[in-house]
Each structure stands twice: as C-alpha cells, then as structure tokens.
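S.K.: Here the sequence shown stands for residues 3 to 103, where the numbers follow the numbering used here. Glycine is no exception: its CB is placed at the ideal position from the N, C-alpha and C atoms.
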Amino acid sequence: MSFLDVKLNMQRGTASFAVRVQPQAGKNEIAGVMAGALKIRLQAPALEDRANEALREFLAELLKRPKAAVRILAGERSRVKQVEVAGVTAGEVEALVMRQA
Numbered sequence: 003m004s005f006l007d008v009k010l011n012m013q014r015g016t017a018s019f020a021v022r023v024q025p026q027a028g029k030n031e032i033a034g035v036m037a038g039a040l041k042i043r044l045q046a047p048a049l050e051d052r053a054n055e056a057l058r059e060f061l062a063e064l065l066k067r068p069k070a071a072v073r074i075l076a077g078e079r080s081r082v083k084q085v086e087v088a089g090v091t092a093g094e095v096e097a098l099v100m101r102q103a
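(1) Tell me the DSSP secondary structure of Phe-5 in three-state form.
(2) Would the region 4 to 11 count as touching the region 61 to 75 if we require 3 or more Cβ pairs under 8 Å?
(3) Where does Arg-22 fall in DSSP's three states?
(4) DSSP state of Arg-44, grouped into three classes?
(5) Shortest alpha-carbon distance to Met-36 belongs to which of Thr-91, Gly-89, Lys-83, Val-90?
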C-alpha cells in the first residue's frame, strides 16, 4: 500500500505533494495513491494546458480554496506533477484519499 507524501512549509503556509494525472477520463475523480502520488483522473485533455487548469480547479474545489491558491511547482508537461496548495493542512490533503470511489 502506498502513502501520500505531503510536505508542509510553515513559513509560506503551504502543503506540497505529488499528483499523477490521467487526462481524458470519464469524470473528474480521486483514484487513490500511486507510488506516493495522489492519482487524479480528469476529463480534460492534455492539450493546451487544459489538464493543468482542470487539475488546479478540481483541487481548489475539493480543498475549498480559491484556484489561485493551487500552483503547479513542477511537471507541467508531465503526468506526474508537484503541486502546492496555500492554506491547507497535511490532514486536509490526506483526506482527499478517502474521497476515492
């Protein structure tokens, strides 16, 4: 069983974690944890930055934060990304895993 690795930056008030994105899925959903990364299925295609924008919107909605609070730190052109969210705790991020179907 894999666990989600969440890093907190107390000075910035952010939590960062890895995300593995599966674009062009049937619906937007959390699909568990894969190799320490939160696996997320998105309806958006991986074209013209649409999947990245959809990822930011989806995480912002789930974590009840503004879209501006969600940043992609690394991996914009990769399925595996490092994401940073302002104003959340590690517990809130880890609770996303419990949302899986």
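M.R.: The short version:
(1) Counting from one through the sequence shown, the residue named residue 5 turns up at place 3. Collapsing the DSSP output to three states places Phe-5 in coil.
(2) Counting Cβ pairs under 8 Å, fewer than three are found: no touch.
(3) Looking up residue 22 in the sequence shown gives position 20. Strand at Arg-22.
(4) Numbered from its first residue, the sequence shown carries residue 44 at position 42. Checking the sequence shown, residue 44 turns out to be Leu, not Arg. DSSP places Leu-44 in coil when its eight states are reduced to three.
(5) Position 34 of the sequence shown, counted from the start, is the residue given in the question as residue 36. Per the Cα distances, Lys-83.
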